[in-house]
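2 protein chains.
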Amino acid sequence: MQIIKNQTIDQMAKQIRQETAATDDAIVAAQVADMIKNVRENGDEALKTYSATFDGVTPATWRVSEAEIQAAMASVPQKVLAALRTAAENIRTFHQQEVAVGFEDTPREGIVRGVKVTPLSAVGIYVPGGTAAYPSSVLMNAIPAKIAGVPNIVMVTPPQKDGLNPTVLAAAKIAGVDQIFQVGGAQAIAALAYGTATIPAVDKITGPGNRYVAMAKKMVYGQVAIDMIAGPSEIGILADDSARPADIAADLLSQAEHDVNARVLLMTTSAALATAVNAAVAQQLETLPRADIARAAINDHGVIYLVNTIDEMFTLMNLVGPEHLEVQLTNPAQYLAKIQNAGSIFLGPYASEPLGDYFSGPNHILPTGGTARFSSPLGVWDFQKRLQYLQYTQSALAEDLPAVTQLARAEGLEAHARAVQSRFNSSVG
Amino acid sequence: MQIIKNQTIDQMAKQIRQETAATDDAIVAAQVADMIKNVRENGDEALKTYSATFDGVTPATWRVSEAEIQAAMASVPQKVLAALRTAAENIRTFHQQEVAVGFEDTPREGIVRGVKVTPLSAVGIYVPGGTAAYPSSVLMNAIPAKIAGVPNIVMVTPPQKDGLNPTVLAAAKIAGVDQIFQVGGAQAIAALAYGTATIPAVDKITGPGNRYVAMAKKMVYGQVAIDMIAGPSEIGILADDSARPADIAADLLSQAEHDVNARVLLMTTSAALATAVNAAVAQQLETLPRADIARAAINDHGVIYLVNTIDEMFTLMNLVGPEHLEVQLTNPAQYLAKIQNAGSIFLGPYASEPLGDYFSGPNHILPTGGTARFSSPLGVWDFQKRLQYLQYTQSALAEDLPAVTQLARAEGLEAHARAVQSRFNSSVG
Chain A
1 MQIIKNQTID QMAKQIRQET AATDDAIVAA QVADMIKNVR ENGDEALKTY SATFDGVTPA
61 TWRVSEAEIQ AAMASVPQKV LAALRTAAEN IRTFHQQEVA VGFEDTPREG IVRGVKVTPL
121 SAVGIYVPGG TAAYPSSVLM NAIPAKIAGV PNIVMVTPPQ KDGLNPTVLA AAKIAGVDQI
181 FQVGGAQAIA ALAYGTATIP AVDKITGPGN RYVAMAKKMV YGQVAIDMIA GPSEIGILAD
241 DSARPADIAA DLLSQAEHDV NARVLLMTTS AALATAVNAA VAQQLETLPR ADIARAAIND
301 HGVIYLVNTI DEMFTLMNLV GPEHLEVQLT NPAQYLAKIQ NAGSIFLGPY ASEPLGDYFS
361 GPNHILPTGG TARFSSPLGV WDFQKRLQYL QYTQSALAED LPAVTQLARA EGLEAHARAV
421 QSRFNSSVG
Chain B
1 MQIIKNQTID QMAKQIRQET AATDDAIVAA QVADMIKNVR ENGDEALKTY SATFDGVTPA
61 TWRVSEAEIQ AAMASVPQKV LAALRTAAEN IRTFHQQEVA VGFEDTPREG IVRGVKVTPL
121 SAVGIYVPGG TAAYPSSVLM NAIPAKIAGV PNIVMVTPPQ KDGLNPTVLA AAKIAGVDQI
181 FQVGGAQAIA ALAYGTATIP AVDKITGPGN RYVAMAKKMV YGQVAIDMIA GPSEIGILAD
241 DSARPADIAA DLLSQAEHDV NARVLLMTTS AALATAVNAA VAQQLETLPR ADIARAAIND
301 HGVIYLVNTI DEMFTLMNLV GPEHLEVQLT NPAQYLAKIQ NAGSIFLGPY ASEPLGDYFS
361 GPNHILPTGG TARFSSPLGV WDFQKRLQYL QYTQSALAED LPAVTQLARA EGLEAHARAV
421 QSRFNSSVG
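Those sequence lines, one after another, are chains A and B. With the first letter of the first sequence counted as 1, position 123 gets the number 123 in full-length UniProt numbering; the numbers rise by one all the way through. With the first letter of the second sequence counted as 1, position 380 gets the number 380 in full-length UniProt numbering; the numbers rise by one all the way through.
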């Protein structure tokens with residue numbers, strides 16, 4: 001990886017900001033807009049055409065039957081099922097702490113104000129297919145929705161020539177998904193947003209996908225809610241002399257093996273560590289099954305920033321706002337307060353990032369591309385919404401009448417003033 | 001208003017769904033995309049051009065000075081200032097109950113997991129100008145951001161030939177806005193999203209605007225967060241024989257006077273009430289200052305649905321998901337559990353909707369166009385975000401090692417398995 005040193009904070013910040021600037025792809029946009037229109041107009045017929053074209057297979061039935069799910073469960077090794085069940089339980093105990101509750105108060109006699117929290121009625125979760133078919137993503141999407149109380153969780157995933165990944169189906173069963181459909185790509189997003197004869201329309205679509213899926217999510221946003229627009233995976237590691245180069249290299253490679261576009265970033269105060277990490281990366285790449293992918297990501301999107309102080313690290317890393325942030329510094333928990341922008345934080349030498357991907361409970365669907373500035377990890381909060389309410393007695397209203405009519409008239413909205421006044425008119429007609 | 005009766009629930013539901021289907025405007029989209037590009041490339045120069053073209057005025061300085069704000073405060077009648085301060089206090093006491101807090105747990109010895117809640121670093125609030133310059137919107141946007149702890153609240157509002165509305169500036173001061181800029185329209189949204197030499201880039205943009213502003217917000221979504229895409233204002237009223245026709249008519253008109261595109265909707269079990277409300281609307285329109293606007297909204301977007309049962313009302317109204325929902329039924333609070341989709345709910349004969357617009361505390365920036373299916377009122381939740389964190393000891397990691405590597409290998413991600421394993425290798429290089 002390129003080592004960047006002897007630069008001012010401003011120079012490095014400028015470079016980082018350029019790397020994280022959001023870009024759109026006009027050709028993808030035009031194609032996806034056309035696909036959405038086609039699905040809205042032609043429903044299942046459009047899905048059939050796109051499935052044949054893009055997936056190379058048209059499933060006999062879109063909906064995956066309970067029998068198919070049971071058969072898949074039976075084919076998954078018991079050890080994997082047990083690990084999935086433990087992971088699901090960890091994800092549950094973590095996310096149960098995220099449930100929001102409403103409130104009600106009486107600021108004065110005769111007035112009741114409140115917020116009621118309810119689950120969304122139906123959500124769609126997108127699960128990529130092929131080599132990126134991750135059972136863990138099924139758990140991470142569906143379990144928070146289930147905890148929120150969503151009564152209808154609809155999963156979509158691209159059809160496969162050899163049938164769906166049985167571990168993905170097992171994860172859906174364990175997580176409590178209600179319906180599974182074999183449909184993927186931008187067409188699946190369109191179907192979930194607008195509904196077809198077969199695929200139910202939902203209120204929110206969550207889960208990562210390729211750039212066609214990401215563009216489709218952006219385009220249907222407003223018709224339905226979406227969780228976020230996912231970009232390439234990212235890891236940022238902050239390390240000092242106390243860190244082990246082999247562990248850092250291994251964690252960088254665990255992100256790099258996802259995707260040739262994955263971003264891997266190390267910031268350190270130690271020139272020796274920077275050199276040692278580069279050597280360890282090269283060595284570990286030699287025996288890695290997905291070395292081609294990881295090497296491309298490391299070469300094209302791997303950078304080591306050599307900085308002067310630990311404070312500089314946090315200043316820079318907050319500009320990046322990485323999806324995953326490892327703090328491999330002495331007494332790491334003391335730095336939590338310095339972190340403003342990151343999806344998920346891994347503190348100390350033993351919190352290796354894959355723990356968060358699979359197992360420990362925190363969500364792995366996280367803001368990318370610097371969107372941690374304003375976005376949160378996927379959570380129960382994505383599947384709950386709020387409704388406000390207000391009740392007054394006539395005498396409470398009488399007290400507030402002068403101020404309310406004052407403000408309404410200051411805004412030139414006489415009908416607003418009269419509506420409140422109407423409650424004190426004797427006429428009932 | 002047209003009275004619709006003798007229809008099945010399915011017929012009425014179909015009509016309602018068509019009315020609320022989201023639509024985009026291709027011409028507006030092309031124009032706004034061009035404006036955003038221009039602001040990104042040419043910064044303040046682009047703002048100057050658009051301001052001259054669309055606002056008919058180019059302010060000498062974009063930033064509103066503290067002296068100008070103080071002068072504005074001094075020019076606002078004391079009664080209005082007092083009413084604004086009381087409203088601000090009500091909004092504060094309501095929204096303080098919305099603050100989210102994080103959590104931390106230790107599911108097993110050696111493991112710490114948590115969620116940290118932080119405010120966004122900078123937010124932009126859009127305040128429309130001209131006849132739609134609402135001081136109350138300033139309070140509703142800025143106070144939740146302030147309660148969340150956002151350190152930089154930036155307000156933008158279109159320049160006016162006669163200077164900015166002093167009550168709007170007073171409201172900004174009362175609410176604790178940090179910076180005010182005289183820039184509006186789609187160009188203001190672009191400036192807040194990408195920053196110019198004068199206007200700081202922010203992390204989230206909130207507040208309603210016209211369709212150019214709404215389109216610009218949709219287009220910059222991803223670069224920054226946005227609250228929602230606001231459509232025309234809406235009110236839905238559920239009423240039985242116990243309701244007073246004059247009060248219902250007055251409340252319908254208070255929405256109708258906002259905008260010729262406002263949607264006003266009454267659902268009732270009483271044919272007599274439907275007729276009486278229509279008569280009262282006609283009578284009240286005679287003396288209303290904004291009668292032309294209100295009449296157009298009532299004629300074009302006013303509908304009364306005559307239904308058979310109270311249950312039918314809730315089924316239908318949940319399909320609409322109106323921005324404002326009044327429940328003018330006997331013992332209204334009993335129906336709260338039946339309401340799934342609505343922005344803000346007004347219970348009983350005395351909770352006239354303008355109370356919520358100005359004064360009582362609940363927010364008035366609310367989901368429109370049926371988006372209450374998946375959106376919440378603007379709240380403190382819009383200005384806070386979450387970061388997850390995780391810490392392990394080596395012995396805790398040893399216990400989870402088999403399951404984590406199992407799952408990583410089931411997904412074909414060997415580097416993930418090796419990263420966790422690395423912590424138990426003796427090699428440090």
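Backbone N, C-alpha and C fix where the C-beta goes; we use that ideal spot for every residue, glycine too.
Check your understanding: When burial is assigned at 16 or more other CB atoms within 10 Å of the CB, is GLU353 of chain B buried or exposed?
Key -> buried
**Study point:** Candidates A:GLN7, A:LYS204 and A:THR93, of which the one nearest LYS385 of chain A by Cα
**Key:** A:LYS204
**Study point:** alpha helix (DSSP H) runs wholly inside the segment 194 to 223 of chain A, at least 4 long, in chain order
**Key:** 211 to 220
Exercise for review: Indicate whether at least one CB of chain A lies closer than 8 Å to the CB of HIS416 of chain B.
Suggested key: yes
**Study point:** Alpha-carbon spacing of ASP288 of chain B relative to ALA296 of chain B, whole angstroms
**Key:** Residue 288 of chain B is actually Leu in this sequence, not Asp. Going from the Cα of LEU288 of chain B to the Cα of ALA296 of chain B covers about 13 Å.
Check your understanding: So what does DSSP say about LYS116 of chain A, is it helix, strand or coil?
Key -> strand
Practice item. Just the C-alpha distance for TYR194 of chain B and SER121 of chain B, rounded to the nearest angstrom, thanks. Key: 15 Å
Exercise for review: Tell me, please, whether the CB atom of PHE94 of chain A is closer than 8 Å to any CB atom in chain B?
Suggested key: yes
Review point. Leaving out the 5 sequence neighbours to the left and right, which residues in its chain are closer than 7 Å to THR405 of chain A when beta-carbon positions are compared?
Key: ALA417, VAL420 and GLN421
**Study point:** Three CB pairs or more closer than 8 Å across the segment 107 to 124 of chain A and the segment 56 to 71 of chain A
**Key:** no
Check your understanding: Based on Cα-Cα distance, which residue from A:GLY231, A:GLN223, A:PRO232 and A:ASP227 lies nearest to ILE229 of chain B?
Key -> Checking every option, the nearest Cα to that of ILE229 of chain B belongs to A:GLN223.
Practice item. For the alpha helix (DSSP H) holding ILE339 of chain A, just list the boundary residues, first then last. Key: Here ILE339 of chain A belongs to no alpha helix (DSSP H), and DSSP marks it neither H nor E.
**Study point:** Buried or exposed by the 16-neighbour rule on C-beta atoms within 10 Å, applied to ILE174 of chain B
**Key:** buried
Review point. With 16 as the cutoff for other CB atoms within 10 Å, does GLU66 of chain A come out buried or exposed?
Key: So GLU66 of chain A ends up on the exposed side.
Point to revise | Neighbour list for GLY43 of chain B in chain A, Cβ cutoff strictly below 9 Å | key: Within chain A, no residue comes near GLY43 of chain B; the closest Cβ sits about 15 Å away, beyond 9 Å.
Check your understanding: Touch check for the segment 271 to 290 of chain A and the segment 230 to 246 of chain A: three-plus C-beta pairs under 8 Å?
Key -> Touching, yes, given that three or more Cβ pairs across the two stretches are closer than 8 Å.
Check your understanding: With C-beta atoms as the reference, is LEU306 of chain A less than 8 Å away from LYS5 of chain A?
Key -> Cβ distance < 8 Å, so LEU306 of chain A and LYS5 of chain A count as in contact.
Review point. What does ILE229 of chain A touch in chain B if you count any residue whose Cβ is under 7 Å from its own?
Key: GLY222
Exercise for review: Look up ALA294 of chain B in the DSSP assignment and say whether it is helix, strand or coil.
Suggested key: helix
Point to revise | Beta-carbon contacts of ILE248 of chain B that lie in its chain and below 7 Å, excluding the five residues immediately before and after | key: A distance below 7 Å between beta-carbons, with the five flanking residues on each side excluded, links ILE248 of chain B to the following residues of its chain, in chain order: ILE237, ALA239, LEU266, VAL277 and GLN328.
Check your understanding: From ASN152 of chain B to LYS161 of chain A, what distance separates their C-alpha atoms?
Key -> Whole-angstrom Cα-Cα distance: 53 Å.
Practice item. Return the residue from the list B:ASN363, B:TYR389 and B:LYS338 that minimises the CA-CA distance to ASP357 of chain A. Key: B:TYR389
Review point. Going by other Cβ atoms of all chains shown within 10 Å of its Cβ, with 16 needed for buried, is VAL264 of chain B buried or exposed?
Key: Counting of Cβ neighbours within 10 angstroms places VAL264 of chain B among the buried residues, the total reaching 16 or more.
Point to revise | Span of the beta strand (DSSP E), counted from its first residue to its last, around TYR305 of chain B | key: 302 to 306
Review point. Does the beta carbon of ILE345 of chain A sit closer than 8 Å to a beta carbon anywhere in chain B?
Key: It does; some Cβ of chain B falls within 8 Å.
Review point. Secondary structure at LEU47 of chain A, three-state DSSP: helix, strand or coil?
Key: Correct three-state label for LEU47 of chain A: helix.
Review point. Assuming THR393 of chain A contacts TYR350 of chain B under a Cβ cut-off of 8 Å, what Cβ separation, rounded to an integer in Å, is found between them?
Key: 6 Å
Point to revise | Boundaries (first-last residue) of the alpha helix (DSSP H) holding TYR350 of chain B | key: In the DSSP annotation of this structure, TYR350 of chain B is not part of any alpha helix (DSSP H), being labelled neither H nor E.
Point to revise | DSSP bridge partner residues for TYR126 of chain A (one or two, in chain order) | key: A:VAL156
Practice item. Check the C-beta distance from ALA172 of chain B over to LEU84 of chain B and give it rounded, since I have them as a contact under 8 Å. Key: About 11 Å; that fails the 8 Å criterion.
Review point. Can you give the beta carbon distance from ALA87 of chain A to LEU401 of chain B, rounded, assuming they're within the 8 Å contact cut?
Key: About 14 Å; that fails the 8 Å criterion.
Check your understanding: Which residues in the same chain have their Cβ closer than 8 Å to the Cβ of LYS48 of chain A, if we skip the five residues on either side of it in sequence?
Key -> THR58
Review point. Among all the DSSP beta bridges, which residues are the ones paired with ARG386 of chain B?
Key: B:VAL117
Practice item. Tell me, to the nearest whole angstrom, how far the beta carbon of LEU378 of chain B is from that of THR198 of chain B; I am working on the premise that it is less than 8 Å. Key: With 8 Å as the limit, LEU378 of chain B and THR198 of chain B do not qualify as a contact, their Cβ atoms being about 26 Å apart.
**Study point:** Span of the alpha helix (DSSP H) around LEU288 of chain B
**Key:** Looking at the DSSP string, LEU288 of chain B is not in any alpha helix (DSSP H), and its letter there is neither H nor E.
Exercise for review: Would you mind reading off the limits of the beta strand (DSSP E) that contains ILE229 of chain B?
Suggested key: It is not in any beta strand (DSSP E) - ILE229 of chain B carries neither H nor E in the DSSP assignment.
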